[in-house]
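Q: Each residue of the sequence shown is one higher than the last, beginning at 120 in this note's numbering. For glycine and all other residues, C-beta sits at the position ideal for the given N, C-alpha and C.
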Amino acid sequence: MADINKVFNSKIDKWSERGVDEKIECAMDRFEEWISGYNEEEKEILSKLISNFNYYSREKAIDAIKKMNEELERKYSITSDDTIVSIIRKNNGLINSSYEYWFIHCNQSSLSKNVYYESFDSIDEEEWKNINNVIFIDDCSGTGNQFTNFLKKQEKDFSNKNIFFLVIEIMEDAEKNIKKYAKENGINIEIIYFTLKKKAFENKEDNKKLFSNMSHRKQITDKYILGYKEAQSLMAFYTNTPNDTLGVFWLLSAKNKPIFERKKSKEPKWKKIKKEKKGRRKQQYEAKK
Numbered sequence: 120m121a122d123i124n125k126v127f128n129s130k131i132d133k134w135s136e137r138g139v140d141e142k143i144e145c146a147m148d149r150f151e152e153w154i155s156g157y158n159e160e161e162k163e164i165l166s167k168l169i170s171n172f173n174y175y176s177r178e179k180a181i182d183a184i185k186k187m188n189e190e191l192e193r194k195y196s197i198t199s200d201d202t203i204v205s206i207i208r209k210n211n212g213l214i215n216s217s218y219e220y221w222f223i224h225c226n227q228s229s230l231s232k233n234v235y236y237e238s239f240d241s242i243d244e245e246e247w248k249n250i251n252n253v254i255f256i257d258d259c260s261g262t263g264n265q266f267t268n269f270l271k272k273q274e275k276d277f278s279n280k281n282i283f284f285l286v287i288e289i290m291e292d293a294e295k296n297i298k299k300y301a302k303e304n305g306i307n308i309e310i311i312y313f314t315l316k317k318k319a320f321e322n323k324e325d326n327k328k329l330f331s332n333m334s335h336r337k338q339i340t341d342k343y344i345l346g347y348k349e350a351q352s353l354m355a356f357y358t359n360t361p362n363d364t365l366g367v368f369w370l371l372s373a374k375n376k377p378i379f380e381r382k383k384s385k386e387p388k389w390k391k392i393k394k395e396k397k398g399r400r401k402q403q404y405e406a407k408k
């Protein structure tokens, strides 16, 4: 039986090869409390999960993007003449972690800074005809849905373009889903990744059931026990922890103080006021019925 403390310390050594950052320090500080309340059989499952867990510090993320970009430029002879580099934006227009990795790529790539576009809105149809390569940068993909849904909502025609998706860590199911979408829609999508992972509990139904019971005891909501849409990922980044990752690693509850807690951005007061006004109007309307 694996010693969970030894497994964790071994991973800390690997994660901190380029230095100890705030995320690693937090994981170290919380570890003992995090594993408390688990029996030996449950700790054995956690040990296996930890051994397969990837943490990407900023330095590691830069290394990953640099390596992927070298592969991109070597294999496909990408130049600035017919290329654009963009991001996968949120529907609400808020900045997400994709911007961080987009900027890193901008600094690592030999491409002109003038081919980096936050959106396609300012590119007219004549310019779009002369673009052959569209590059997207992101940290992770658990299911592939965020990427394909983003493409669906774009007004530009991608049918005659080469789309390159550079992603630091992607799940096998996400890769399959993106390739399926590309085939069904007649789009050429090339996925370049740093790490490709299987689901945490692939072909391990007994462990998955025990893990679900453990998670319920720690008050992890069903939606995130196996990660969002049951992606079953095991990853965290210096920017944040994806909700594709198994919930016990990131979801804070009364009985779970996670080692890689997912941080939520505080909503500004001006936005709360608008919601409160909307809520009051709805109540007044309902009262008049």
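Considering only the beta carbon of each residue, do phenylalanine 277 and phenylalanine 266 sit closer than 8 Å?
A: No, Cβ-Cβ distance for phenylalanine 277 and phenylalanine 266 is not below 8 Å.
Q: If you measure between the beta carbons of alanine 319 and leucine 168, is that distance less than 8 Å?
A: Yes.
Q: Inspect the CB distances between the segment 170 to 183 and the segment 341 to 361 and report whether three or more fall short of 8 Å.
A: Contact holds: three or more Cβ-Cβ distances are below 8 Å.
Q: Am I right that isoleucine 289 and leucine 315 are in contact with their C-beta atoms under 8 Å? What's the rounded C-beta distance?
A: Their Cβ separation, rounded to whole angstroms, is 6 Å, which keeps isoleucine 289 and leucine 315 in contact under 8 Å.
Q: Counting Cβ pairs, one atom from each stretch, are 3 or more of them under 8 Å apart for the segment 334 to 350 and the segment 215 to 227?
A: Contact between the segment 334 to 350 and the segment 215 to 227 is absent, because fewer than three Cβ pairs lie under 8 Å.
Q: Count Cβ pairs between the segment 196 to 215 and the segment 238 to 252 that sit closer than 8 Å; are there 3 or more?
A: Yes: the two stretches touch, three or more of their Cβ pairs being nearer than 8 Å.
Q: What are the start and end residues of the beta strand (DSSP E) that includes alanine 355?
A: Start and end: 354 to 356.
Q: Flag glutamate 161 as yes if its beta-carbon sits less than 8 Å from any beta-carbon of chain D, otherwise no.
A: Absence of chain D from the displayed structure is noted, only one protein chain being present.
Q: Leaving out the 5 sequence neighbours to the left and right, which residues in its chain are closer than 6 Å to phenylalanine 269 when beta-carbon positions are compared?
A: Around phenylalanine 269: Ile207.
Q: Taking only runs that begin and end inside the segment 246 to 315, name each unbroken alpha helix (DSSP H) of 4 or more residues, in chain order.
A: As far as the segment 246 to 315 is concerned, its whole alpha helix (DSSP H) runs of at least 4 residues are 264 to 272, 291 to 303.
Q: Using the rule of at least 16 other Cβ atoms within 10 Å of the residue's Cβ for burial, across every protein chain shown, is alanine 373 buried or exposed?
A: With fewer than 16 Cβ atoms within 10 Å of its Cβ, alanine 373 is classed as exposed.
Q: Let me check understanding here. Comparing Cα to Cα, which of Lys133, Phe127, Arg137, Ser228 lies closest to methionine 147?
A: For the residues Lys133, Phe127, Arg137, Ser228, the minimum Cα distance to methionine 147 belongs to Phe127.
Q: Can you check DSSP and say which residues form a bridge with isoleucine 206?
A: Beta-bridge pairing links isoleucine 206 to Ile256.
Q: Does the segment 137 to 146 come into contact with the segment 331 to 343, if we say contact requires no fewer than three beta-carbon pairs (one atom in each stretch) closer than 8 Å?
A: The segment 137 to 146 vs the segment 331 to 343: no contact.
Q: Taking the CB atoms as reference points, tell me whether alanine 121 and glutamate 163 lie closer together than 8 Å.
A: Against a cut-off of 8 Å, the Cβ pair of glutamate 163 and alanine 121 comes out as a contact.
Q: Could you tell me the alpha carbon to alpha carbon distance between glycine 263 and glutamate 294, rounded to whole angstroms?
A: Each residue's alpha carbon lies about 7 Å from the other.
Q: By DSSP, does glutamate 235 sit in helix, in strand, or in coil?
A: Here residue 235 is tyrosine; the residue named in the question, glutamate, does not match the sequence. Strand.
Q: Mapping DSSP to helix, strand and coil, what is tyrosine 175?
A: The answer is strand: DSSP assigns tyrosine 175 an E or B state.
Q: Secondary structure at asparagine 362, three-state DSSP: helix, strand or coil?
A: The answer is coil: DSSP assigns asparagine 362 none of H, G, I, E or B.
Q: Hey, how far is the Cα of asparagine 252 from the Cα of isoleucine 378?
A: The alpha-carbon atoms of asparagine 252 and isoleucine 378 are separated by roughly 40 Å.
Q: Report the partner residues of serine 196 according to the DSSP bridge assignment.
A: BP columns for serine 196 are empty, so no partner.
Q: Kindly indicate which residue of Lys209, Trp369, Pro361 has the alpha-carbon position closest to the one of arginine 149.
A: The option with the nearest alpha carbon to arginine 149 is Trp369.
Q: Just confirm the distance between the C-beta atoms of tyrosine 175 and isoleucine 308, as a whole number of angstroms; I'd bet it's less than 8 Å.
A: At roughly 23 Å, the Cβ-Cβ gap does not stay under 8 Å, so tyrosine 175 and isoleucine 308 are not in contact.
Q: Taking the alpha-carbon of leucine 365 as reference, which of Lys185, Phe172, Lys125, Ser217 has the nearest alpha-carbon?
A: Closest by alpha carbon: Phe172.
Q: Counting only runs that start and end within the segment 134 to 185, where is the beta strand (DSSP E) found for 3 or more residues in a row?
A: Runs of the beta strand (DSSP E) inside the segment 134 to 185: 173 to 175.
Q: So the alpha helix (DSSP H) arginine 218 belongs to, where does it begin and stop?
A: For clarity, residue 218 is tyrosine in the given sequence; the question names arginine instead. Note, tyrosine 218: alpha helix (DSSP H), 217 to 227.
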